[in-house]
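Here is the structure we will look at, set down as structure tokens.
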Amino acid sequence: MSAAKNGPGAVRVVSRVPRKPLRHDEDGTFAIDLWVRRDGAFDSDVALYLSAAEAETLHAQLCYALDDETATLITPADLLPDCRKGVRTARRR
């Protein structure tokens with residue numbers, strides 16, 4: 189999620205659309221659907237389009253950034269990327 193101020197006092201928040209998976213379009217790009225809210229109210233929806241190279245770079249950067257984080261028990265093991273499978277924990281909170 190990302191927040192930015194636009195205009196006097198307006199705060200825009202960008203987040204992924206819940207339960208909507210990443211799309212692989214026919215032209216080879218990947219699309220991530222996003223919601224934009226302004227001051228807490230829905231403003232618009234947009235899609236972030238990434239080439240295969242951009243998606244791979246983002247994947248590598250996220251795996252690196254999450255390296256010290258324990259994989260959550262919310263994500264099923266078969267949906268974790270290979271770079272995250274070794275950090276899964278069996279303990280529950």
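Start counting the sequence shown at 189; every next residue gets the next number (our numbering). By construction, the Cβ of each residue, glycine as well, lies at the ideal position given by its N, Cα and C atoms. Nothing here was measured: the structure is a model prediction, and the numbers come from that model.
- Residue 222 holds the alpha-carbon nearest to the alpha-carbon of residue 236 among 269, 227, 244 and 222.
- The alpha-carbon separation between residue 251 and residue 268 amounts to approximately 11 Å.
- Measuring C-alpha to C-alpha distances from residue 232 to each of 200, 270 and 271 identifies 200 as the nearest.
- Bounds of the alpha helix (DSSP H) holding residue 243 are 240 to 253.
- Under the three-state reduction of DSSP output, residue 266 falls in the helix class.
- Under the DSSP assignment, residue 222 falls in the beta strand (DSSP E) whose first and last residues are 218 to 226.
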